Amino acid sequence: MTKMDETLLMLKELTDVNGIAGNESQPREVMKRMIEPYADSITFDGIGSLIAEKKGAENGPRIMLAGHLDEVGFMVTRIDEKGFIFFQTIGGWWSQVMLSQRVTVTTSKGEEITGIIGSTPPHVLPPEARKKPADIKDMFIDIGAASREEAMDWGIRPGDMITPYFEFTVMKNSQMLMAKAWDNRIGCAIAIEAMKRLKDEKHPNIFYGVGTVQEEVGLRGAKTAAAAVQPDIAIAVDVGIAADTPGLSEKHGIAKAGKGPGLVLYDASLVAHKGLREFIEGVAEEMNIPYQYDHIPGGGTDAGSFHLAGTGAPSIAVTIPTRYIHSNAGILNRDDFENTVCLIVELVKRLDRQAVDQIKYS
Ligand SMILES: [Zn+2]
299 MTKMDETLLM LKELTDVNGI AGNESQPREV MKRMIEPYAD SITFDGIGSL IAEKKGAENG
359 PRIMLAGHLD EVGFMVTRID EKGFIFFQTI GGWWSQVMLS QRVTVTTSKG EEITGIIGST
419 PPHVLPPEAR KKPADIKDMF IDIGAASREE AMDWGIRPGD MITPYFEFTV MKNSQMLMAK
479 AWDNRIGCAI AIEAMKRLKD EKHPNIFYGV GTVQEEVGLR GAKTAAAAVQ PDIAIAVDVG
539 IAADTPGLSE KHGIAKAGKG PGLVLYDASL VAHKGLREFI EGVAEEMNIP YQYDHIPGGG
599 TDAGSFHLAG TGAPSIAVTI PTRYIHSNAG ILNRDDFENT VCLIVELVKR LDRQAVDQIK
659 YS
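Each residue of the sequence shown is one higher than the one before, counting from 299 in my numbering.
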């Protein structure tokens, strides 16, 4: 196994930990422990988003950078008499990536119970059924319990969270990192790392490194976190679609893993603020940081809520192009993490009141 450096250990811990929307306590604890040493204060909004504040200038503009703490997963809705678990998807899932995947059920007492989404062997599937994707409504999780009573005895209750199981893996090409929950622990990692690198830097603003809750069910923590921060500028860091695998082309996406942070021009929740985007492009070009454009008409990010907070704040989403998001595991390129952190740090160093006013009214 590759010996992991400090960054890899951080990414491993952030992605291996489990937390779907409304159940973010584990990733929040990890993020809190990691960002606390570099922040002046840590607070929370009313539904659990974490807000780390670092004052570079007492009366400077408020710059908010946020990843979301929640990952896609499932929730127990009922246990049948044979001990099989039926569930609600939390976040967007495509049925074809679900069958036969290993999952973890976290009981209300915190015990983690291993299960698998059951599938039908091809031997007994009629030819017609083999051609059709399975229906999520028919899916169930097998935890090896013999009865409902046994599953209940083990502490499983309706409402418990279920998460994909996957262990963080550095691939043979050690730039390529495979993990569950890149969406969006990579955003949390960037917020932590940016605050760490700003520790001994001067910055003419108040910088907020934020972990929002409940993004995958509709950018909900983004609303409450932005109400708490009242940002002058807001940036969501999230995964984008890496359109660099077989079957995907420019028609589906324009970002590729390893080619730099993606500036999302347009998604279903936001038109990137033009002045902010141009300012970021200027910083990237000045510092020779690669960047690319992204375009996600079928998705949104927390920036969709940020830009409408209060009377409005110039906002943009910066993405790490990631393969196979919203499945058991995804792959991203470590260079994109590094370059995104560099870009954010350089940006924060430059966002004084004058620059923010210029962006706002451009
Ligand atoms: Zn997502």
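Glycine included, every Cβ here is placed at the ideal spot set by N, Cα and C.
Remember, predicted model here, so these are calculated numbers, not experimental data.
Inter-residue distance for L363 and Y622 is about 24 Å (C-alpha atoms, whole angstroms). Here S347 is buried, its C-beta having at least 16 other C-beta atoms within 10 Å. Every candidate beta strand (DSSP E) stretch fails here, since none sits fully inside the stretch 563 to 587 while reaching 3 residues.
DSSP places G602 in the helix class (H, G or I) of the three-state scheme.
Annotation for A319: D368, I388, G389, V511, Q512, E513, E514, V515 and R518 place their beta carbon closer than 8 Å to its own, counting only its chain and skipping 5 residues before and after. Here DSSP, grouped into helix, strand and coil, assigns P619 to strand. For L645, the enclosing alpha helix (DSSP H) starts and ends at R632 to R648. Between the stretch 369 to 380 and the stretch 416 to 429, the count of C-beta pairs closer than 8 Å stays below three; the two stretches do not touch. Below 8 Å, too few C-beta pairs join the stretch 597 to 607 and the stretch 540 to 558 to call them touching: fewer than three. Spanning the alpha carbons of V639 and N357 requires a straight line of approximately 25 Å. The C-alpha of D536 is placed about 11 Å away from the C-alpha of A489. When the five nearest sequence neighbours on each side are left out, the beta carbons in the same chain lying within less than 8 Å of the beta carbon of A337 are those of A350, E351, K352, M493 and G507, in order along the chain. For K352, the enclosing beta strand (DSSP E) covers residues L348 to K353. Segment contact: the stretch 456 to 470 against the stretch 370 to 386, three or more CB-CB distances shorter than 8 Å; contact assigned.
Inclusion of G416 and D433 in the CB contact set at 8 Å is not warranted, their separation being larger than that value.
Here P529 carries a coil assignment [DSSP, helix/strand/coil].
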